[in-house]
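Asker: Let me begin by handing over the structure; questions about it come next.
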DNA sequence: CCATTTTTCTATAAGTCTATAGAATTCGCT
DNA sequence: AGCGAATTCTATAGACTTATAGAAAAATGG
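Chains as they are written, first to last, in the working numbering: chain A, 1 to 205; chain B, 206 to 410.
The following block contains the structure:
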């Protein structure tokens, strides 16, 4: 183990850069397909030097996943804490999810696709964040039911998973097409989830 | 290159078994994380012997992906070819998608998560099948609009991607919980897509 | 039941990868 | 400029992988 000053501003900014470099490489080649040499090269240093910032390749993956997930979950907490009407909160949730694909697509993609390759003990913190996210969403749905904005016959676990699924599906559009209008997509997505695709319901549009 | 009789019934059944073994291992460890030794072990033969059935590890991945995708796409063709009303066809599509997670979850999961690690020239056949699938779905949506079953304001690319997304999201429930009732999930999913989560629309339920 | 074909095994070459240790360089500060 | 700390470099051990070649074993069929 090397001596390192984890508080120095230089260390912090390089570590941040290292995480982003790892995110980019993992997202392109996958965890096992990427080598530490790939990550170091993108960062502009040599392979061995990378171990100044990560104790192991697995730690790098964990850091990338946490980085990708953190802001995303924080935003959810903020949304769940407001007393906006259900529809507005749903729009905010969808917007947050889709927005993450644009701003930090790589780290979040790595979390989605590669986190399973982490050993169980490295996944605890991620799991906590993930279940927290879903719980907040399910609570929101319960509120929606109580407020009469959501049918009582829909169970919240099913619905939460559906919402997450649609967002991930649309995330592919966002990643594929850098021109895609994220806000417009979020609006259409929320509308679909609320009112379905069938025409002629009272809400005129 | 070894001499092999690809027509003998024994070869065919062992090759099938090899593809399934590869699917299981790739799905658990990922393409790069899995070794040819892992696949051979699951099949009950030695590492070197595997090359009697695959020219390379990449070919194994391609075969697994094709295996996972084929039946899934064939079913879509059958569904698109009927003249059932739109709602019934949507239910069939969703049921097919969710059902695939139950029956061949491993190969389809491999296709979803690992196909990107194939070199471009090995991906052509997969791409063809995939875009064919989405085109059929978009055509179905156009029919639905023409028949008045779908709002005109929804664009079919967006909707197709949303449908695929919800199904993948619910696929996680199916994979996680072997007791989950796939047909019931498909019904609820179709209902959500058609009518949304908001209560009080004319269709009483 | 023997001869031929098919399938599997053993052994290994050649390459890649992670992680470490210690030397060399750069940085921040006075 | 010069000292000590922080950062990066070089070099390498040790493990693991894919793919191949030729020997061995098992199946097939006349």
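Where a beta carbon is used, it is the ideal one built from N, C-alpha and C, also for glycine. Remember, it's a predicted structure, so these values are computed and weren't measured experimentally.
Between which two residues does the alpha helix (DSSP H) carrying residue 79 (chain A) extend?
Answerer: On the first chain, position 79 is the one that residue 79 (chain A) refers to. That run of the alpha helix (DSSP H) goes 57-81.
Asker: From what residue to what residue does the alpha helix (DSSP H) around residue 362 (chain B) run?
Answerer: The count along the second chain starts at 1 and reaches residue 362 (chain B) at position 157. Residues 361-381.
Asker: Mind listing which residues of the region 188-200 of chain A have their C-beta closer than 9 Å to chain B's C-betas, in chain order?
Answerer: Those would be 188, 189, 191, 192, 193, 194, 195, 196, 197, 198, 199, 200, in chain order.
Asker: Can you find the residues in the same chain that come closer than 7 Å, C-beta to C-beta, to residue 182 (chain A), ignoring five residues on each side of it along the sequence?
Answerer: Stepping through the first chain from its first residue, residue 182 (chain A) is reached at position 182. Correct list, in chain order: 98, 99, 102, 174.
Asker: By Cβ distance, which residues of its chain are closer than 6 Å to residue 339 (chain B), with the 5 residues on each side in sequence left out?
Answerer: Taking the first residue of the second chain as position 1, residue 339 (chain B) is located at position 134. Excluding positions up to five away in sequence, the list reads 365.
Asker: Is it true that the region 34-50 of chain A meets the region 76-86 of chain A, where meeting means three or more beta-carbon pairs spaced less than 8 Å apart?
Answerer: With a cut-off of 8 Å, the region 76-86 of chain A and the region 34-50 of chain A do not count as touching, because too few Cβ pairs lie within range.
Asker: For the region 252-274 of chain B, enumerate the residues whose C-beta is nearer than 9 Å to any C-beta of chain A, in chain order.
Answerer: For the region 252-274 of chain B, which is checked against every Cβ of chain A, not one residue is closer than 9 Å.
Asker: I'd like the ranges of any beta strand (DSSP E) spanning at least 3 consecutive residues and lying wholly in the region 82-135 of chain A.
Answerer: Segments of the beta strand (DSSP E) lying fully in the region 82-135 of chain A: there are none.
Asker: Mind checking whether residue 64 (chain A) and residue 23 (chain A) have CB atoms under 8 Å apart?
Answerer: What you label residue 64 (chain A) is simply residue 64 of the first chain in a count that begins at 1. What you label residue 23 (chain A) is simply residue 23 of the first chain in a count that begins at 1. Yes, these two residues count as a Cβ contact at 8 Å.
Asker: Starting from residue 190 (chain A), follow the alpha helix (DSSP H) in both directions and report where the run begins and ends.
Answerer: For the purposes of this step, residue 190 (chain A) is identified with residue 190 of the first chain, where counting begins at 1. Element bounds for residue 190 (chain A): 182-195.
Asker: Taking only the alpha-carbon atoms, compute the straight-line gap between residue 91 (chain A) and residue 381 (chain B) and give it to the nearest angstrom.
Answerer: As a first step, residue 91 (chain A) must be located in the first chain, where it is residue number 91. As a first step, residue 381 (chain B) must be located in the second chain, where it is residue number 176. Near 28 Å, if we compare the C-alpha coordinates of residue 381 (chain B) and residue 91 (chain A).
Asker: For the alpha helix (DSSP H) containing residue 384 (chain B), list its first residue and its last residue.
Answerer: Taking the first residue of the second chain as 1, we reach residue 384 (chain B) at position 179. That residue, residue 384 (chain B), is in no alpha helix (DSSP H); it is neither H nor E in DSSP.
Asker: For residue 307 (chain B), which residues in chain A fall below 9 Å Cβ to Cβ?
Answerer: In the second chain, counting from the first residue as 1, residue 307 (chain B) sits at position 102. Simply none; closest approach about 16 Å.
Asker: Distance check for residue 226 (chain B) and residue 25 (chain A), CA to CA, integer angstroms please.
Answerer: Residue 25 (chain A) sits at position 25 when you count from the first residue of the first chain. Residue 226 (chain B) sits at position 21 when you count from the first residue of the second chain. Taking the straight line joining both Cα atoms gives about 29 Å.
Asker: Using a C-beta to C-beta distance shorter than 8 Å, which residues of chain A count as neighbours of residue 318 (chain B)?
Answerer: One-based indexing of the second chain puts residue 318 (chain B) at position 113. Correct list: 113.
Asker: Is residue 137 (chain A) near residue 69 (chain A), with beta carbons less than 8 Å apart?
Answerer: Position 137 of the first chain holds residue 137 (chain A). Position 69 of the first chain holds residue 69 (chain A). Not a contact, by the Cβ cut-off of 8 Å.
Asker: Shortest alpha-carbon distance to residue 392 (chain B) belongs to which of B:317, B:312, B:293, B:329?
Answerer: The count along the second chain starts at 1 and reaches residue 392 (chain B) at position 187. Out of B:317, B:312, B:293, B:329, B:293 has the C-alpha closest to the C-alpha of residue 392 (chain B).
Asker: Check whether the Cβ atoms of residue 398 (chain B) and residue 76 (chain A) lie closer than 8 Å to each other.
Answerer: What you label residue 398 (chain B) is simply residue 193 of the second chain in a count that begins at 1. What you label residue 76 (chain A) is simply residue 76 of the first chain in a count that begins at 1. No, these two residues do not count as a Cβ contact at 8 Å.
Asker: Comparing the C-beta of residue 355 (chain B) with each C-beta of chain A, is any distance below 8 Å?
Answerer: Counting from one through the second chain, the residue named residue 355 (chain B) turns up at place 150. Output row for residue 355 (chain B): interface = yes.
Asker: What span of residues does the alpha helix (DSSP H) with residue 31 (chain A) cover, start to end?
Answerer: Numbered from 1 along the first chain, position 31 holds the residue referred to as residue 31 (chain A). No alpha helix (DSSP H) contains residue 31 (chain A), which DSSP labels as neither H nor E.
Asker: Under 8 Å between C-beta atoms, does residue 301 (chain B) make it to chain A?
Answerer: Walking along the second chain from the start, residue 301 (chain B) turns up at place 96. Cβ-Cβ to chain A under 8 Å: no for residue 301 (chain B).
Asker: Using a 10 Å radius around the Cβ and a threshold of 16 neighbouring Cβ atoms, would you call residue 10 (chain A) buried or exposed?
Answerer: Translated into positions along the first chain, residue 10 (chain A) becomes position 10. Burial call: exposed.
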